[in-house]
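Chemist: Sequence order for the protein chains is S and L.
To convert, note that position 131 of the first sequence is 188 in this note's numbering; the numbers rise steadily by one, no gaps.
To convert, note that position 9 of the second sequence is 11 in this note's numbering; the numbers rise steadily by one, no gaps.
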Amino acid sequence: MVKIIYHCFGGSHSSVLAAGIHLELLPSNRVPSAREILDLAYFDTQQSFQHGQFQFMGKDKFGNEIYTIGRQSLGDIFEPMLTGLAEILQIPSSEFLLVNTLPAVNFPMKLGGFLSRALKVIWIGRPLVLLGVQHSYFKFVNLVNSVKEDIQDKDAAGELSFFSPGDARA
Amino acid sequence: MNFFYCCGSGVHASVIAASAHLGILKGEEYSKRNVLSLPFFDLPPSQISGRPLFLGKDEEGNGVYTLPVMNKKKICFKIIRGFSDLFGIPREEMILIDCEKYVSPLINQLHIFRTLPGMKSLSRKLILILLKNAYFKLISQGRKARRADSGRPFAKA
Chain S
58 MVKIIYHCFG GSHSSVLAAG IHLELLPSNR VPSAREILDL AYFDTQQSFQ HGQFQFMGKD
118 KFGNEIYTIG RQSLGDIFEP MLTGLAEILQ IPSSEFLLVN TLPAVNFPMK LGGFLSRALK
178 VIWIGRPLVL LGVQHSYFKF VNLVNSVKED IQDKDAAGEL SFFSPGDARA
Chain L
3 MNFFYCCGSG VHASVIAASA HLGILKGEEY SKRNVLSLPF FDLPPSQISG RPLFLGKDEE
63 GNGVYTLPVM NKKKICFKII RGFSDLFGIP REEMILIDCE KYVSPLINQL HIFRTLPGMK
123 SLSRKLILIL LKNAYFKLIS QGRKARRADS GRPFAKA
């Protein structure tokens, strides 16, 4: 069983979306409606004080635990920091996987996310995010599929710990 | 138990405090030469990945590390605590020590400034000036940590 941690800036949009796809709460074969996306737990709800909290999203059909987290602008150091700590604390690298979802984020999602979460201008921010999500939806599907393949490939070898976003065929 | 000394860059204030913990710095008068000779001190930003840097083990066998928190110590501490909780690691296993509170956040800007051509020397001089003011506080922090009883964390996230 692996703990899969999807991380992005605010833990409110791209990571939650990827987790939703992973848990099959959202379809992989079509673009979901705005309602379906908004029904996803935690989507566009995070407040800045919640950044840094691991949110449990559910278990996938293989029993892997799916988490999301907003790690603000710690992008470059987030994964090395946690993998380094895991080594020191003797947490096997095969027990967790860190997945950066930001590479799949487009401009409308960034702008909409900023307006909705940081400035609280939800009436314009949220539709923009939804537009961006629907436009780039299959990038997220590809990212999640790559993660699932990665787990299957590396599980036996015990080589998990972080998933390079460049590996995603987005 | 492991001690993580945290500062913005992970190679300045935290290195001084961690060195005091390990007894590398004895708390004598501030000396530029002593500080510059500390392991990892003022390592270039390109060589800092975010991984904890291992400085050594103290007399009781506890690991002593430094960790860069990039002026985001609050969220870093939260993430680290959350991550260890996910795996059921007891909090006493990991002591996070905030060294950033003693020094100016300008140190991080100066550290990045050194990457500009010809600025390495000036950046280092200014960093040393800023660290000098906090030197004895950092030394005292490191010594305090060494004296802390095992299993009783004195520094909390």
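Built from N, CA and C at the ideal position, the CB exists for glycine as well.
Check each candidate in L:I82, L:P47 and L:L24 and name the one with the smallest Cα separation from L:F56.
Modeler: The sequence position of residue 56 of chain L within the second sequence is 54, counting from 1. Out of L:I82, L:P47 and L:L24, L:L24 has the C-alpha closest to the C-alpha of L:F56.
Chemist: Straight-line CA distance for L:S21 to L:Y67?
Modeler: For the purposes of this step, residue 21 of chain L is taken as residue 19 along the second sequence, with counting starting at 1. For the purposes of this step, residue 67 of chain L is taken as residue 65 along the second sequence, with counting starting at 1. Approximately 10 angstroms, taken between the alpha carbons.
Chemist: So L:E102 packs on L:C9, CB below 8 angstroms; how close in whole Å?
Modeler: Taking the first residue of the second sequence as position 1, residue 102 of chain L is located at position 100. Taking the first residue of the second sequence as position 1, residue 9 of chain L is located at position 7. Yes, L:E102 and L:C9 are in contact; Cβ-Cβ is about 5 angstroms, under 8 angstroms.
Chemist: Measuring straight from C-alpha to C-alpha, what distance separates S:L188 and L:I82?
Modeler: Residue mapping note: residue 188 of chain S aligns to position 131 of the first sequence, counting from 1. Residue mapping note: residue 82 of chain L aligns to position 80 of the second sequence, counting from 1. Approximately 34 angstroms between the Cα atoms of the pair.
Chemist: Cutting at 6 angstroms between CB atoms, please list the residues of its own chain near L:K134, excluding the five before and the five after it.
Modeler: For this step, residue 134 of chain L is matched to residue 132 along the second sequence. Around L:K134: Y32.
Chemist: Since I believe S:S173 is in contact with S:V186 (beta carbons under 8 angstroms), could you give me their beta-carbon distance rounded to a whole number of angstroms?
Modeler: For this step, residue 186 of chain S is matched to residue 129 along the first sequence. For this step, residue 173 of chain S is matched to residue 116 along the first sequence. Their Cβ separation, rounded to whole angstroms, is 6 angstroms, which keeps S:V186 and S:S173 in contact under 8 angstroms.
Chemist: Of the residues L:P119, L:P107 and L:K28, which one's Cα is nearest the Cα of L:N73?
Modeler: The residue labelled residue 73 of chain L in the question sits at position 71 within the second sequence. Nearest option by C-alpha distance: L:P107.
Chemist: Assign S:N86 to buried or exposed, taking buried as 16 or more other Cβ atoms, counted over all protein chains shown, within 10 Å of its Cβ.
Modeler: Looking up residue 86 of chain S in the first sequence gives position 29. By the 10 Å Cβ count, S:N86 comes out exposed.
Chemist: By the criterion of Cβ-Cβ separation under 7 angstroms, what are the contact partners of L:L88 in chain S?
Modeler: Residue 88 of chain L sits at position 86 when you count from the first residue of the second sequence. The contacting residues are K60 and F111.
Chemist: Return the first residue and the last residue of the alpha helix (DSSP H) that S:G115 is part of.
Modeler: Locating residue 115 of chain S in the first sequence gives position 58, counting from the first residue. No alpha helix (DSSP H) holds S:G115; the beta strand (DSSP E) holding it covers Q112 to K116.
Chemist: Whether or not the stretch 103-116 of chain S and the stretch 26-44 of chain L are in contact is what I'm after, with contact meaning three or more pairs of Cβ atoms, one per stretch, closer than 8 angstroms; do they touch?
Modeler: No, they do not touch.
Chemist: Taking CB distances under 8 angstroms as the criterion, tell me whether S:L142 reaches chain L.
Modeler: For the purposes of this step, residue 142 of chain S is taken as the residue at position 85 of the first sequence. Answer yes: the Cβ-Cβ gap between S:L142 and chain L drops below 8 angstroms somewhere.
Chemist: Determine whether the beta carbon atoms of L:F5 and L:G65 lie at a separation below 8 angstroms.
Modeler: Counted from its first residue, the second sequence places residue 5 of chain L at position 3. Counted from its first residue, the second sequence places residue 65 of chain L at position 63. The answer is yes: Cβ separation under 8 angstroms.
Chemist: Any beta-carbon of chain L closer than 8 angstroms to the one on S:M138?
Modeler: What you label residue 138 of chain S is simply residue 81 of the first sequence in a count that begins at 1. True, the Cβ-Cβ gap to chain L drops below 8 angstroms.
Chemist: L:Y137 lies in the alpha helix (DSSP H); which residues open and close that run?
Modeler: Locating residue 137 of chain L in the second sequence gives position 135, where the first residue counts as 1. Segment K122 to R149, the alpha helix (DSSP H) holding L:Y137.
Chemist: Per the DSSP calculation, S:F153 is bridged to which residue(s)?
Modeler: For the purposes of this step, residue 153 of chain S is taken as residue 96 along the first sequence, with counting starting at 1. Paired residue(s): S:K60.
Chemist: Using a C-beta to C-beta distance shorter than 8 angstroms, which residues of chain S count as neighbours of L:C8?
Modeler: Along the second sequence, read from residue 1 onward, the residue named residue 8 of chain L stands at position 6. Within chain S, no residue comes near L:C8; the closest Cβ sits about 10 angstroms away, beyond 8 angstroms.
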